[in-house]
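Enquirer: Let me give you the structure first, and then I'll get to my questions.
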Ligand code: IPD
Ligand code: CA
Ligand code: CA
Ligand code: CA
C-alpha cells in the first residue's frame, strides 16, 4: 500500500500541473469559449472543464487501469484496486469564465473509502498544494502547519454558496458569524478556499452543500496540516451525492460548528 500510495501521490501532482497548464491555456483565450449552463444560469461549464477532465481520466486509466474514477463532468467509473480518484477538473468555473484567477484543478484519491491523497493546483498563482495520509501537507514544497491561536475573531472565514441548495441559510450564517466578531470571504472556488484553510490563510470554510469532487482534496490537505473537517459520506452511492462542508483550524472548530449547526 505504501509504495502504491507514493506512486499515485507523485502521479496526482504531475497530472495536476499538466491539466492546470491546459486549463490555463483555455483561460488565456476564454473569449472564444462557448459558455453553457447546468442547473441554473449561475452554474456554468465549457469545453475547458470537459477536456481537462478527459485528460486526467486518460492519464489515470493509462497508469492505473483498475482504479475507480469520479469526475464532475462525466461521473463515476468503478474500479477494483481499492483506489478511487475523485476529480474536479476546474473548480471555480464561474471565476474562470469571468476572467478571475481564483480557480484550480482538484484531485483526491480514496483508498478503501478513506481520502489518502489531496492535490490542488492553482495555475494563475503557480501554487501546488499536496498532502498524503501520514505524510503532511505542503504548498510548493513548504510544510503547512496550522496555528492554534487563530480564531474566527482574529482571522477570516470562507463561506461558499450555490443557488440551488439552502441559500437562505448562508445569509443566516454570515449574520451569526459577524455577530460573533468574525468576517467572511468568498472567492468562487470552494476547493481553493479549503486549500487556503490548510495554508492558514482562512481559519475555516463552510458551504451548506458540495460534492465529493469539490471538497475531498481540500479535506485531506486540512487534516494533514492539523485541522478538522466535518465527516463527508463516501460509502457506495453516497460518494456521488452532496453533503454540508465545514473545515477549520483548531482554534475555530467549536465556534464554526456552533455557527453552522453541525
Ligand atoms: C463550485 C465552486 C463554488 C461553490 C459551488 C461549487 P465548480 O464548483 O466550488 O465555489 O460555491 O458549490 O459547485 O462548479 O466551479 O466546479
Ligand atoms: Ca461545475
Ligand atoms: Ca467544484
Ligand atoms: Ca468543476
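In our numbering, the protein residues as written are 3 to 264.
Note that the Cβ used here is the ideal one computed from N, Cα and C, for glycine as well.
Note that the coordinates shown come from a computational prediction; the quantities given were computed from them, not determined experimentally.
Counting only the same chain and skipping the five closest in sequence on each side, list residues whose C-beta sits under 6 Å from that of residue 251.
Expert: On the chain shown, position 249 is the one that residue 251 refers to. Answer for residue 251: 148, 152, 205 and 229, listed in chain order.
Enquirer: Could you tell me which whole beta strand (DSSP E) segments of length 3 or greater appear in the region 65-135?
Expert: Restricting attention to beta strand (DSSP E) runs no shorter than 3 residues, the region 65-135 encloses them at 70-73, 77-79, 85-93, 106-113, 116-124 and 129-134, ordered along the chain.
Enquirer: Ignore the nearest five residues each way along the sequence and tell me which others in residue 74's own chain have a CB closer than 6 Å to its CB.
Expert: Counted from its first residue, the chain shown places residue 74 at position 72. So the qualifying residues of the chain are 90 and 215.
Enquirer: For residue 245, which three-state DSSP category applies?
Expert: Your numbering for residue 245 matches position 243 in the chain shown. Note: residue 245 maps to strand in three-state DSSP.
Enquirer: Terminal residues of the continuous beta strand (DSSP E) containing residue 159?
Expert: Stepping through the chain shown from its first residue, residue 159 is reached at position 157. That run of the beta strand (DSSP E) goes 159-161.
Enquirer: Whose CA, out of 164, 87 and 30, lies closest to the CA of residue 102?
Expert: Here residue 102 is taken as the residue at index 100 of the chain shown, counted from 1. Closest option to residue 102, Cα to Cα, is 30.
Enquirer: In the DSSP output, what is residue 186 paired with across the bridge?
Expert: Stepping through the chain shown from its first residue, residue 186 is reached at position 184. Answer is 159, bridged to residue 186.
Enquirer: Using DSSP's beta-bridge definition, name the partner residues of residue 140.
Expert: Taking the first residue of the chain shown as 1, we reach residue 140 at position 138. Answer is 132 and 145, bridged to residue 140.
Enquirer: Looking only at its chain, what residues have a beta carbon closer than 8 Å to the beta carbon of residue 92, apart from the 5 residues adjacent to it on each side?
Expert: Looking up residue 92 in the chain shown gives position 90. Non-local beta-carbon contacts of residue 92 in its own chain, meaning distances under 8 Å to residues more than five positions away in sequence, involve 25, 50, 51, 54, 98, 105, 106 and 107 in chain order.
Enquirer: Please output, in chain order, the residues near ligand 2 using a CB cut-off of less than 6 Å to any non-hydrogen atom of the ligand.
Expert: 47, 74 and 95
Enquirer: Please classify residue 65: is it buried, with 16 or more other beta-carbons within 10 angstroms of its beta-carbon, or exposed?
Expert: Position 63 of the chain shown, counted from the start, is the residue given in the question as residue 65. Counting the other CB atoms within 10 Å of its CB gives residue 65 a total below 16, which places it among the exposed residues.
Enquirer: With burial defined as no fewer than 16 other Cβ atoms inside 10 Å of the residue's Cβ, what is the status of residue 142: buried or exposed?
Expert: Position 140 of the chain shown, counting from 1, holds the residue named residue 142. Exposed is the call here.
Enquirer: For residue 241, which residues in the same chain have their Cβ closer than 6 Å to its Cβ, ignoring the five residues on either side in sequence?
Expert: As a first step, residue 241 is located in the chain shown; it is residue number 239 there, counting from the start. The residues are 214.
Enquirer: Ordered along the chain, which non-local residues of its own chain (more than five positions away) have a Cβ less than 8 Å from that of residue 155?
Expert: Within the chain shown, numbered from 1, the residue matching residue 155 stands at position 153. Closer than 8 Å at Cβ, skipping near neighbours: 182, 183 and 184.
Enquirer: Does the region 219-229 come close enough to the region 162-173 to have 3 or more Cβ pairs within less than 8 Å?
Expert: no
Enquirer: When you compare each of 17, 199, 126 and 179 to residue 283 by their alpha carbons, which one comes out closest?
Expert: Because the chain here runs from 3 to 264, residue 283 falls outside it and cannot be looked at.
Enquirer: Considering residue 207, what are the terminal residues of the beta strand (DSSP E) in which it resides?
Expert: Position 205 of the chain shown, counted from the first residue, corresponds to residue 207. Run containing residue 207: 206-213, per the beta strand (DSSP E) assignment.
Enquirer: Between the C-alpha atoms of residue 114 and residue 21, what's the straight-line distance to the nearest angstrom?
Expert: Taking the chain shown and counting its residues from 1, one reaches residue 114 at position 112. Taking the chain shown and counting its residues from 1, one reaches residue 21 at position 19. Cα to Cα, the separation comes out at about 26 Å.
Enquirer: Grab the span of the alpha helix (DSSP H) containing residue 192 for me, first residue to last.
Expert: The residue labelled residue 192 in the question sits at position 190 within the chain shown. Residues 192-200.
Enquirer: What is the residue span of the alpha helix (DSSP H) that residue 173 lies within?
Expert: Working through the chain shown from its first residue, we reach residue 173 at position 171. Its alpha helix (DSSP H) spans residues 169-181.
Enquirer: Can you give me the C-alpha to C-alpha distance between residue 79 and residue 57, rounded to a whole angstrom?
Expert: Taking the first residue of the chain shown as 1, we reach residue 79 at position 77. Taking the first residue of the chain shown as 1, we reach residue 57 at position 55. Between residue 79 and residue 57, the C-alpha separation is close to 15 Å.
Enquirer: Which same chain residues end up closer than 7 Å to residue 138 when comparing Cβ atoms and leaving out the 5 residues on each side of it in sequence?
Expert: What you label residue 138 is simply residue 136 of the chain shown in a count that begins at 1. Only 145 and 226 meet the Cβ criterion.
Enquirer: For ligand 3, list every residue whose C-beta falls under 5 Å from any of its heavy atoms, going in chain order.
Expert: 90, 93 and 216
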